[in-house]
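Below is one structure, written out as structure tokens; the observations come after it.
Protein chains in written order, with this note's numbering: chain A, 384 to 910; chain B, 23 to 72.
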């Protein structure tokens, strides 16, 4: 304690030992402040916050510099939910004693959590709004607002009391009682809460007395039910549960979880899964259908392309055949070349019938008669006429010689060539054909021989050769002696080689009209 | 019987954080000690004047 006049430390004397000022009354005031502070502290210890506030305020009225009283007062305000009031007291306390003051810690604790401070500030604003609603007679809105406030700041005693008042006004005694009880938990000596509780008891007791026995029984049942049940609030919810209910713990909770999981899986399997499976199936069917359609389209396209390929292959084959016909070994171009060669040979040496004949022999007569152009045919037969007779005659002689020499192979080749040229003439010589048939027979080609004899008979029926051919055909099992038949006797033949004599009925040519003996160059017998 | 309006008058708006500074400045910090000191000073002055 310091002197108010000089600031010196005071002793137990009633005067200041420094300035001599009378401090007895001053000391009394200070002592009173301390006493009231002590009283407030006692009340705060037993949670009589309202009583503590009264005592501490009185203490501060006596001595405003009583920092402990102011700090405690701030603490009590804070406990009652009045954070701003608490901060005020601590700030003032800090103003009176800036160092070594508990108010620093209290202020630091509040300001270190700005989010919490902001939430409290919002709750205060909502409380003020609720109070305004009450003045505007919007009690329902006030109730709603107060519930929000108390959820944010459960220790706001004024909020609980105002809500209790609203419940009392609407005669919701139980709710009012709950709010009052909450206040009394925080502040056991709160006069308003005690008043409300007494009022609630009076009102509820009065209702019980006015009720009939049935009602009493009901109330008894209600009481019994209330006794057997525990009621408590959790936020804005009121929970009523049996008194002997026990919270499931440990194994039972795990078992409940497992059962829940099994039920969930079963529900999924029987309810959700089939629908998903069906959806998936539908999707797959759609895809399959689309794929099927695409596949059909592609198959059709493939078939069409294959048909095109086949047609093109056939066309290609046809064209290749046509090309081969033209350029192949027996192609038309070769035939044309042969005719041209024959023409050239004749033009180079008209007397050389042999060269002309060689060139003409390469040409297929069937082609000339059937496929060749008119110009081609005319040129061919012109050239044949020029050299054909000479060549045929020469080859006939050569063939005869080969037969006489028993060289039947050469004879056949020569006579075939001779017949080739003779047959192209206007008057072919049947003796050549007959001699060829004999050569076949001598060579052992019986079938060809018969065929050739028949050809002689059919082509030249009136000729001597035909008679001889008929006789040949009439003979069965002709022997090799008939090899002597191969010599030819041609009466009107041109100059011939000396041949072996033959039987009179063989190879005698009659009716030939050529008597001139032409000494032409003889074609080689064997080519 | 509780009168709602009468009881409602007992409720006052709480201070918000924004109002704290103003409230502190307006707070009346006079106490008994100041009164006593004032009285004593007045008496001393009167005695000095006499």
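Think of the CB as a built atom: it goes at the ideal place given N, C-alpha and C, for glycine as much as any other residue.
For residue 620/A, the secondary structure class from DSSP, reduced to helix, strand or coil, is strand. By the CB criterion at 8 Å, residue 856/A and residue 833/A fall inside the cutoff. In the three-state reduction of the DSSP assignment, residue 482/A falls in the coil class, being assigned neither a helical nor a strand state. By the Cβ-count criterion, residue 692/A is exposed, with fewer than 16 other Cβ atoms from all chains shown falling within 10 Å of its own Cβ.
Between residue 417/A and residue 409/A, the alpha-carbon positions lie close to 13 Å from each other. Contact residues of the stretch 506–530 of chain A toward chain B are 507, 508, 510, 511, 514, 517 and 518 (C-beta to C-beta distance below 8 Å). Taking a contact to require three or more Cβ pairs closer than 8 Å, the stretch 769–785 of chain A and the stretch 825–840 of chain A do not qualify as touching. Within the DSSP secondary-structure output, residue 689/A pairs in no beta bridge. Of all residues in the stretch 469–490 of chain A, those with a C-beta nearer than 7 Å to a C-beta of chain B are 470, 471, 474 and 475, reading in chain order.
Collapsing the DSSP output to three states places residue 653/A in a helix.
Listed along chain B, no residue sits closer than 7 Å to residue 398/A by beta-carbon distance, the nearest being about 12 Å off. Between residue 558/A and chain B, the shortest Cβ-Cβ separation is not below 8 Å. The Cβ of residue 564/A sits no closer than 8 Å to any Cβ of chain B.
With 16 or more neighbouring CB atoms inside 10 Å of its own CB, residue 466/A falls in the buried class. Separation of residue 687/A and residue 752/A (C-alpha to C-alpha, rounded to the nearest whole angstrom) is 43 Å. For residue 69/B, the closest Cβ of chain A is not nearer than 8 Å. With respect to residue 505/A, residue 541/A sits apart: the two C-beta atoms are not nearer than 8 Å. Proximity of chain A to residue 29/B at the Cβ level (cut-off 7 Å) is accounted for by 548, in chain order. Contact with chain B is absent for residue 570/A, since none of that chain's Cβ atoms lies less than 8 Å from the residue's Cβ. Linking residue 29/B to residue 480/A through their CA atoms gives a straight-line distance of about 39 Å. Listed along chain A are 443, 444, 445, 446 and 447, each with a C-beta nearer than 7 Å to that of residue 53/B. Residue pairing from DSSP places residue 385/A in a beta bridge opposite 392/A. The C-beta of residue 464/A has 16 or more other C-beta atoms within 10 Å across all chains shown, which makes the residue buried.
The stretch 528–565 of chain A contains, as complete alpha helix (DSSP H) runs of 4+ residues, the segments 540–552 (chain order). DSSP places residue 405/A within a strand segment (E or B) once states are collapsed to three. Ranked by Cα distance from residue 427/A, the first of 658/A, 470/A, 742/A and 570/A is 570/A. Residue state for residue 33/B is assigned as coil, using DSSP reduced to three classes. In the assembly as shown, residue 767/A is a buried residue. Its beta-carbon has 16 or more other beta-carbons within 10 Å.
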